[in-house]
Amino acid sequence: MRLLLVIKKESVDLEKQVNKLNKFLVLNKSIKAVLTLLLLGSFSQIKAQDRVPFDQGKKYILADVAVTSKISFNEQTVVTFAGLQKGQEITIPGEEISAAIKKLGKLGLFDEISFYINRIQNDSIYLDLEIKELPKLGEVKFVGIKKNKTEALIKDNGLTKSKVVNENLITTTKNYIENKYKKDGYFNTKVNISIIKDTATINQVNMLVNIDKGDKVKISKIDFIGNEKISDKALRKAMKDTKQKNPIRILKASKFIKEKYKADLEKVIASYKEKGYRDARIISDTVAYNKEKNTLSIKVNVEEGNKYYFGNIKFLGNTVYSDQFLNRIIGVKKGETYNGVLLEKRIADKSKPDGEDITNLYQNNGYLFSNINAVEVKTANDTIDFEIRVTEGPLAYFNHITVVGNDKTNDRVIYRELRTKPGEKYSKELLVRTIREIGQLGFFDPEAIDPKFKNVDAAAGTVDIEYNLVEKGSSQIELQGGYGGGGFIGTLGLSFNNFSARNLLNKDAYKPLPMGDGQKVSLRLQGSTYFQTYSVSFSEPWFGQKKPVQFSSSISYSKQFLNNYITQRVDKSKSFNILTLSVGLAKRLTVPDDYFVLSQSLSYQHYDLNNYNTGLFTFGNGASRNLAYTIGLSRSNKGVNPIFPTYGSEFSLTGKFSIPYSLFNGINYATLGDKEEYKLKNTTDRSNQVDANGNTVNIGDYIDAAGNKVFNYQDAAADPALVDQKKFNWLEYYKIKFKADWYTKIYGKLVLRTLTEFGFLGAYNQDRGVIPFERFYVGGDGMANYSMDGRETIQLRGYPNNSLTPINSAGEQIGATVYNKFSMELRYPITLKSSASIYALAFLEAGSSYPDFKTYNPFDLNRSAGFGLRVFMPAFGLLGIDFGNGFDALPGQTKANGWETHFIIGQQF
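In this text, residue positions in the sequence shown follow my numbering: the first is 32, and each later residue adds one.
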């Protein structure tokens, strides 16, 4: 039996969440500390009222501390964290035991902590430590919300299995959920959290979170009092995030968020300052809740004040730039209406990191420590004089540049894209450009790129930059199936966008594949009962590792058998094979600026037809060869997110040219049909019948266009198959394409994309004619399931696939040699997380295609409008659906096409 005396009860405040043992945050609770003392002499000599004063304790040598409770932690670790060591001198009662209780309490892992005296030998003391652990979390269940919402709440609140459960966790979880739904307009959200002991396990509890969102609280009315110069409507428009109910408005819901409401009140004042009312202020504002209607009404009392004008503007402290130059940037003249918002933006536009303001002017030229302030120095009647006080400070230079967070991507892949170099003069413009370049790599979450300024030293004129990155999945898998061309088509594609070819032989690099060098490898298999396509491509963005020169190469092979679309029977004795090889280089230029890229490529295609007689070509046997050189000039500064660009543009002009064989091959294509070897001969057995002239036609006889026998080859018709086989033995053509793509932020996150495209296919020799290959097919989703003849499919939603393509007299599509397209698209992001980026869109489109340039009319267009959704997941690429309404009739029809549904898989952003 242990003799003990309770001498102290310690209450420890656990509001400061400290965790040094297992990194859990735990509850604020009183911890009972019982310290027992065996006094010198027998226990019978001690009376209950004989307490030992705290400041008169006796000193002992601590011999041992034994943990007598059953705990999940290492016992010695607990003693060590208590700050008690064998051999140390302690006082009983005294500060050492009190400090040990506090240290263990701050860990936030224990509910009760008790020290007991086990025994005393001479001047040595043996203590027992009894502790009771806090319960740990088992399962979490949410009631009152949809199941797909629970995962985010669990993640945001850190409700992971085995987490220590305490009052602090319960309180913070409750507050977080209530505030989250209040921000979404559910002003009356109530959350009740119950803790239920798990009887099947030891020291474990389950959490039941009951959420009652209630009805969404909307703002019924926003009224202004005292405003005469600016209307209620204009002031309500200035409030960007606090809107009254309006059934017409779609993009901005009516909801009340206190923080955003306060910010909107400041925007109301800013709207007055934009119009010269410098002294405008809000005298009072009230927010009233109508419980019966579950709505809020807001009243804002404003005092407008007088209207002011700009007076003299004087610059002080500027030595780098002249007053005249800075005045041009300010863009304000004496006598103009005072606009405090404009003046502030011209000095430092916080809404645009690359804005054309004085602060950026200095910071882009090395003056990191510069400071510019506009100070009112005189107000006379309605005129305000300003001094723009400039503190230029010393020049700053980049010192250490580091990158963190790249767990998969090798450092050199990132560092070669950085525009901020150690030792170079500081430039905010280069910092913004670096963020864009890292985002364009596609290996990191562009929304999470964070450049941190470290060791900013004005005396030394240096600054360190640390780029914090978050890796995202860069490899993609494409799995799709559909019905097209008269049969089922399946596709399997694998794309490794951050591949490392140099580590192919390094077995330690396979995780599961060697990655991290920024190379791209793509494998694609596509097939059905009547065709198969296999393709492999590789690209290296820094060929030679010294300059931004991209090397790319690809090889593909396609084989198609003749398929009867009615009976669905495949004849494998009739086939059409295509072999394609290409290699290219793309170099980043420095003139006119380094957004320009010059690309060049060489490609070869071999078309082999074996008894393949269809309407696609005029000949069913033979071969065509396509050797072409492509050159393109492009400029792209769109950013930052390649999936959802919010600014910038992309322009491209490309030309594809074959060798002009007709200039040197000596063939007169105008008279090719007059030669004997290209004359039409009978190929069928007609021995039992005679022609229109009464002649028997045998196999091999020359015939005219009507099939009648002729006796001189000069009278025979030309065989179009033989003539075209000769004409298109080696393809001769040129192809010009232009594309312009703009991205403009309209309001908040709303982005307008405008696009225009033009394409033209021409011939060097008009007698040889325009080739039936490489043509444009317009209409539909723009996805090319399989391309037999090098065709390009052009997206124009609201119409069936390829339906806006020219046709011949027999109603067969022959492809266009000219097309143009115009598109406007409004995009709004739903989420831009690295795990999945989702945005909604609405579009207007117009375009058309033409058989030749003579019929080209850029104003004769097929129009459409609609809406859609895009989802980008790193593992699967881009997925989407569009609903488009075609306003015009298809070729050969009179009625508007109407609505079409388009599924988008793996297409451009």
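All C-beta atoms in this analysis are idealised placements derived from N, C-alpha and C, irrespective of residue type, glycine included.
In this chain, the alpha helix (DSSP H) harbouring Q394 covers I389 to Q394.
In this structure, the straight-line span from the alpha carbon of K252 to that of L544 is close to 60 angstroms. Inclusion of M546 and F569 in the CB contact set at 8 angstroms is not warranted, their separation being larger than that value. As the crow flies, the alpha-carbon of T422 is around 6 angstroms from that of I403. Counting the other Cβ atoms within 10 Å of the Cβ of D798 gives fewer than 16, which makes it exposed. For T273, the secondary structure class from DSSP, reduced to helix, strand or coil, is coil. In the structure shown, E334 adopts extended strand secondary structure according to DSSP, grouped into three states. By the CB criterion at 8 angstroms, G829 and S895 fall inside the cutoff. Around the beta-carbon of W930, fewer than 16 other beta-carbon atoms lie within 10 Å, marking it exposed.
Around the beta-carbon of F356, fewer than 16 other beta-carbon atoms lie within 10 Å, marking it exposed. Beyond the five residues adjoining it in sequence on each side, N237 comes within less than 6 angstroms, by CB distance, of G169, E170, I227 and D229 in the same chain, given in chain order.
Taking C-beta separations shorter than 8 angstroms and ignoring five residues to either side along the sequence, the partners of I690 in its chain run L658, W761 and E763, following chain order. Secondary structure of V351 (DSSP, three-state): coil. Burial of Y369 is indicated by the presence of at least 16 other C-beta atoms within 10 angstroms of its C-beta.
DSSP places S129 in the uninterrupted alpha helix (DSSP H) bounded by E126 to K137.
Counting the other Cβ atoms within 10 Å of the Cβ of Y308 gives 16 or more, which makes it buried. If you look at P482, you'll find it in the beta strand (DSSP E) that goes D481 to D488.
The C-beta distance from I730 to D716 rounds to 6 angstroms, short enough to fall under 8 angstroms. Distance check between I144 and each of L165, N153 and L239 places L165 closest, using alpha-carbon atoms only. According to the DSSP assignment, F914 belongs to the beta strand (DSSP E) that extends over G908 to A920. Every beta strand (DSSP E) of 3 residues or more that sits fully in the region 773-799 is shown, in chain order, as 781-793. When DSSP states are grouped into helix, strand and coil, D385 belongs to the coil group. Per the Cβ contact rule, the region 547-563 is in contact with the region 436-446 (3 or more Cβ pairs under 8 angstroms).
In the three-state DSSP reduction, K264 falls in the helix class (H, G or I). Between N739 and A723 the beta-carbon gap is near 5 angstroms, inside 8 angstroms, which marks them as a contact.
Approximately 6 angstroms separates the beta-carbon atoms of L827 and V809; this is inside 8 angstroms, confirming the contact. Taking the CA atoms as reference points, G923 sits about 14 angstroms from N833. Every alpha helix (DSSP H) of 4 residues or more that sits fully in the region 734-766 is shown, in chain order, as 751-758.
Shown here, F255 sits in a strand according to DSSP, grouped into three states.
Pairing L399 with G348, the inter-Cα distance amounts to about 16 angstroms. In this structure, the beta-carbon distance from A319 to K298 does not fall below 8 angstroms. For G897, the uninterrupted beta strand (DSSP E) segment begins and ends at N893 to M904. Here the region 744-759 makes contact with the region 693-713; the two share three or more CB pairs at distances below 8 angstroms.
With contacts defined as CB atoms closer than 8 angstroms, G679 and Q471 fail to qualify as a contacting pair.
Between the alpha carbons of A183 and K192 lies a gap of roughly 15 angstroms.
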